[in-house]
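Each residue of the sequence shown is one higher than the one before, counting from 5 in this note's numbering.
For each residue, glycine too, the CB sits at the ideal point set by N, CA and C.
Okay, so here's the structure we're looking at.
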Amino acid sequence: MEAFAALFEQIDQTTSTNEKVRMMVEFFRRHDADTSAWALYFLSGRRPKQLIGSAKLRRWAQEFLGYPDWMMEECYAAVGDTAEMVALLVAGEGHVKHPAPAQQLSLGGWMTQRIWPLADVDDESRRDRILGWWHELDRKGIFILNKLLTGALRVGVSETLVYRALAEVMGLPQAVVASRLVGAWHPNAEFFAGLGNPLDAVLESRDSPAVLLPLPFCLAAPLEGDPGALGDVGSWQCEWKWDGIRCQVVKGGARLEIWSRGEDCVTASFPDLARALLTIPGDWILDGEIVAGEWRRPRSFHALQRRLNRKKPSAALVAGNAVSFLAYDLLQLNGEPLGHRPLEERRISLEWLLASSITDQVGLSPLLSPSTWQELTVWRAGARTHGAEGIMIKNRQSRYEAGRKRGIWFKWKIDPLTIDAVITAAQPGTGRRASLYTDYTFSIWSDGRLVPVAKAYSGLTDAEIRELDGWIRKHTVERFGPVRAVEPLRVFEIGFEGIAASERHKSGYALRFPRILRERKDKRPQDADRLEGLALLLGSLARRPGDPVPAPYAPPTSGDSEQMSFDLGDQEEVP
5 MEAFAALFEQ IDQTTSTNEK VRMMVEFFRR HDADTSAWAL YFLSGRRPKQ
55 LIGSAKLRRW AQEFLGYPDW MMEECYAAVG DTAEMVALLV AGEGHVKHPA
105 PAQQLSLGGW MTQRIWPLAD VDDESRRDRI LGWWHELDRK GIFILNKLLT
155 GALRVGVSET LVYRALAEVM GLPQAVVASR LVGAWHPNAE FFAGLGNPLD
205 AVLESRDSPA VLLPLPFCLA APLEGDPGAL GDVGSWQCEW KWDGIRCQVV
255 KGGARLEIWS RGEDCVTASF PDLARALLTI PGDWILDGEI VAGEWRRPRS
305 FHALQRRLNR KKPSAALVAG NAVSFLAYDL LQLNGEPLGH RPLEERRISL
355 EWLLASSITD QVGLSPLLSP STWQELTVWR AGARTHGAEG IMIKNRQSRY
405 EAGRKRGIWF KWKIDPLTID AVITAAQPGT GRRASLYTDY TFSIWSDGRL
455 VPVAKAYSGL TDAEIRELDG WIRKHTVERF GPVRAVEPLR VFEIGFEGIA
505 ASERHKSGYA LRFPRILRER KDKRPQDADR LEGLALLLGS LARRPGDPVP
555 APYAPPTSGD SEQMSFDLGD QEEVP
C-alpha cells in the first residue's frame, strides 16, 4: 500500500511523460507480480466500487479527531478533497504508529483481505476497522486507502503511458501489451506474468469462444496550424468527425459484442444496434461511431445521452431513441488481421463487406473528396449542419496502431461556439489544485438576474489561476460548503462544442465541453450574453431540411469482387 502510495505521489508531482514512464518501469521491476498486477489495475484506470461515501468518511474522521463542525468545514474548504483532508489531519495529529503489521500486507492483500470484505459488515464494524487502519499507515497510505474506500482513485497517467512502461519491462511491442490488457481481467500474479509471454504464446482468454475482444484503439491527434503543411491533400483520407460514441464491434459466428473506447462492453445497452449489425456476413472487427438517430442525419450528442449507461434499456426507450452505427475501418476479417495494411486498402475491404448491408441503422462513414485544402476548410466550417464536430484527416498509407501516434491521424475540430458569461461562483479543484479555487460557475442574464449556464475549469494558465484565486477570496459574498459565491464583476469568453435543451439545468440549456477561452476585460458584467441568445443559437444550429451529405457512399460493383482476396504471404506477425 505504501509503495503504491509513494508511486502515486511521484506521478502526481511531475508533468513529464518520460518521468512517469520511468517511475512505473522502476516500480514494476522492483515489486513482485501480485503487487505489480494490482498497481497495473489502478494505473490503467480501473478502481473498486464505492464502499464508503465521502460524507460518512468525513464524519468518522471528525469523531475520531474530536474536531468541531466549523473546523472540519474550514479544513475541507482549504483542501477541497475528503480523502486528502482526512489523511492530512490524521497524520498531522500524530495518530500513526510504526512499525505496523499492515505494512507487511501486499497491495492485493489490502484489497482481498481488508477492503473488499467491508461490503459484508455493518457500518459500526466498518468504522472500527478503518480507524484502526489509519493508525497503521502514513499520510500517503491513508490517502490511497481513503480513495479506494470511496471508489475515487484516479492516477494521473494515460493508458498509453502504462503500455509504454510495461512494454519496456516485458521486452515486447507496445501494441502487444495493449492488446493483452483489453477487456475485463482480474489482477493477480498469474495474469501479470502472462502479460510477458512471447509473441507466439496467445493468452487463453483471446482464444476462448466465450470472449470476443476488441483491439487497442488508434487515436487521432489534434491538428494544429495550417493543414496545407501536411502536403498533397490527395494523400489524405478525409471524412466527418462524428459527434457520437467511438466503439469497436466484434463479430464471431452468431455472437457479437460492442466495446466502447473505454474498454466497456456496451452490447446490452444497444440491443437494437446489435441485431442490425449481426446481419453483416462473416467474422470481423469494425471500428466506428454510434450516433443518435439515422446515420445519414445524425442528431446531437445530447440526444444520444438518453441511451448511455442503460444496462437493460426498455423497449419504449429503444423505440423512442433510435441509434445507428457509422463504420470507418475494418480491422479483422474472417480471422485475418488487417491493421498492418494501409488505410486505403482497409477502406476498400470495408466497402465490400458492407456493400449489401447498408440500412438506416448501419452505414459507412462517407468520404470527402476535396481538391484543395481550401475546399476542405469550407466543408469544415459547415460540419455542424451534418451532425459532425469537424473533419478527420487520415494518412492513406497509415496502419492501425495503438494509441495516439503522431502524424498518421488528425482531428480538425470546428471552432467552438462562444458566449460571454459572468463568473458567479467557484470551488477548489482536486490533487495539486486542491488548495486553489479552479472550478468556476459562469452565468448569463435572464429577466434581470444572472442564471448559471456552465461550469468550467480549463483554459487558464497557472498564473491566471493564482490571480483569480486571490480575487475570489477577496470578493466572496456567501459560502455553501466548499463553494464560494462571488461578486458578479468579471466577464469571460466561454467556448463549447454544442448546445441542447435540458430540463436538468437551471438555464434550460446544456453546453457540451465548456472551457474558458479568455477574460473579456473589455466588457462590463451587464454586457454579458442573455438567455434569449442561447435560444437563437440553438435554433440556428438546427439542421436544414434536405442538407446533402458530401461524397455519398457508392458500393463497388460485383465485377470487382477479386479485390476482396488477400495475399497474406508477407504478413507481419500479429498477436
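Excluding the five sequence neighbours on either side, which residues of its own chain have a C-beta within less than 7 Å of the C-beta of residue i, listed in chain order?
i, result
"P552", "Residue placement at P552 is poorly supported in this model, since its pLDDT is 41, which falls under 50; the coordinates are not used for a value here."
"W377", "P231, G232 and V237"
"A460", "Y444, F446, I498, P518, R519 and I520"
"T21", "L165"
"F12", "I148 and V159"
"A91", "R143, I146, F147 and N150"
"E243", "Y332, S369, P370, L371, L372 and M396"
"T18", "K24"
"R210", "Note on R210: pLDDT 40, under 50, position unreliable in the model; no value is reported."
"T363", "A280"
"K245", "A392, E393, G394, I395, M396, K415 and K417"
"A438", "V83, G84, D85, E88 and P432"
Using a Cβ-Cβ cutoff of less than 6 Å, which residues in the same chain neighbour residue i once the five nearest sequence positions on both sides are dropped?
i, result
"L122", "L55 and R130"
"V270", "I262 and S264"
"V322", "D276"
"E482", "A489"
"A9", "K144, G145 and I148"
"F32", "S40 and V173"
"D38", "S110, G112 and A193"
"N325", "R310 and R311"
"G550", "Reliability of the predicted coordinates at G550 is poor, the pLDDT of 42 falling under 50, and the value obtained from them is presented with this limitation in mind. Taken in chain order, the list of residues that qualify is empty."
"A307", "A296"
"F221", "R265"
"Y557", "Here the model assigns Y557 a pLDDT of 35, short of 50, so the residue's position is not dependable and the matter cannot be decided."
"I412", "N399 and S402"
"E208", "With a pLDDT of 35 at E208, under the threshold of 50, the modelled position of this residue cannot be trusted; read the value that follows with caution. Contacts found: none."
Could you round the C-beta distance between residue i and residue j to whole angstroms and report it? I think they count as a contact, below 8 Å.
i, j, result
"S511", "V455", "5 Å"
"M174", "V166", "Actually they are not in contact, since the Cβ atoms of M174 and V166 sit about 12 Å apart, beyond 8 Å."
"V295", "V327", "7 Å"
"I476", "A430", "5 Å"
"F500", "A458", "7 Å"
"L282", "K255", "7 Å"
"C251", "G292", "7 Å"
"W288", "L334", "6 Å"
"L1", "K398", "It is not possible to answer for residue 1, since the shown part of the chain is limited to 5 through 579."
"D419", "R524", "Contact doesn't hold; Cβ gap of about 17 Å is too wide."
"R408", "L223", "4 Å"
"T442", "P432", "7 Å"
Please name the residue or residues paired with residue i in a DSSP beta bridge.
i, result
"P226", "K415"
"K315", "Looking at the DSSP assignment, K315 forms no beta bridge with any residue, so it has no partner."
"R453", "S450"
"T1", "Because residue 1 is not part of the residues shown, which for the chain are 5 to 579, the question remains open."
"S264", "C251"
"P432", "Y441"
"F329", "I294 and V366"
"E355", "Answer is none; E355 lacks a bridge partner."
"G407", "C222"
"W598", "The chain is shown from 5 up to 579; residue 598 falls before or after that span and cannot be answered."
"C269", "W263"
"C586", "No information on residue 586 is available, as it lies outside the stretch 5 to 579 that the chain covers here."
"F484", "V487"
"A504", "A514"
"E523", "F496"
"Q309", "Answer is none; Q309 lacks a bridge partner."
"W288", "K255 and L337"
"K459", "T445"
"A392", "W246"
"I589", "Because residue 589 is not part of the residues shown, which for the chain are 5 to 579, the question remains open."
"R534", "W449"
Are there any heavy atoms of the ligand NAP lying less than 8 Å away from the beta-carbon of residue i, as far as the coordinates show?
i, result
"W137", "The model depicted lacks the ligand NAP and carries no ligand whatsoever."
By Cβ distance, which residues of its chain are closer than 8 Å to residue i, with the 5 residues on each side in sequence left out?
i, result
"R259", "L216"
"V29", "A169, E172 and V173"
"V161", "I15, K24, M28 and L47"
"G604", "Any property of residue 604 remains undetermined from this structure, which presents the chain solely from 5 to 579."
Report task. Kindly confirm or deny that the region 299-306 and the region 361-379 touch, where touching means at least three C-beta pairs closer than 8 Å. Result -> yes
Requested in this report: Specify whether the region 387-405 and the region 437-454 touch according to this definition: at least 3 beta carbon pairs, one from each stretch, less than 8 Å apart.
Outcome: no
Requested in this report: Take every Cβ of the region 146-163, pair it with every Cβ of the region 80-88, and state whether three or more of those distances are shorter than 8 Å.
Outcome: yes
Query raised in the report: With a cut-off of 8 Å, do at least 3 Cβ pairs link the region 518-528 to the region 309-328?
Result: no
Query raised in the report: What alpha helix (DSSP H) runs, 4 residues minimum, are completely inside the region 21-59?
Result: 21-34 and 37-47
**Report entry** Inside the region 117-191 only - alpha helix (DSSP H) runs reaching at least 4 residues
**Finding:** 127-140, 143-153, 163-174 and 178-183
Query - the region 332-347 touching the region 401-415, judged by at least three CB pairs closer than 8 Å - result: yes
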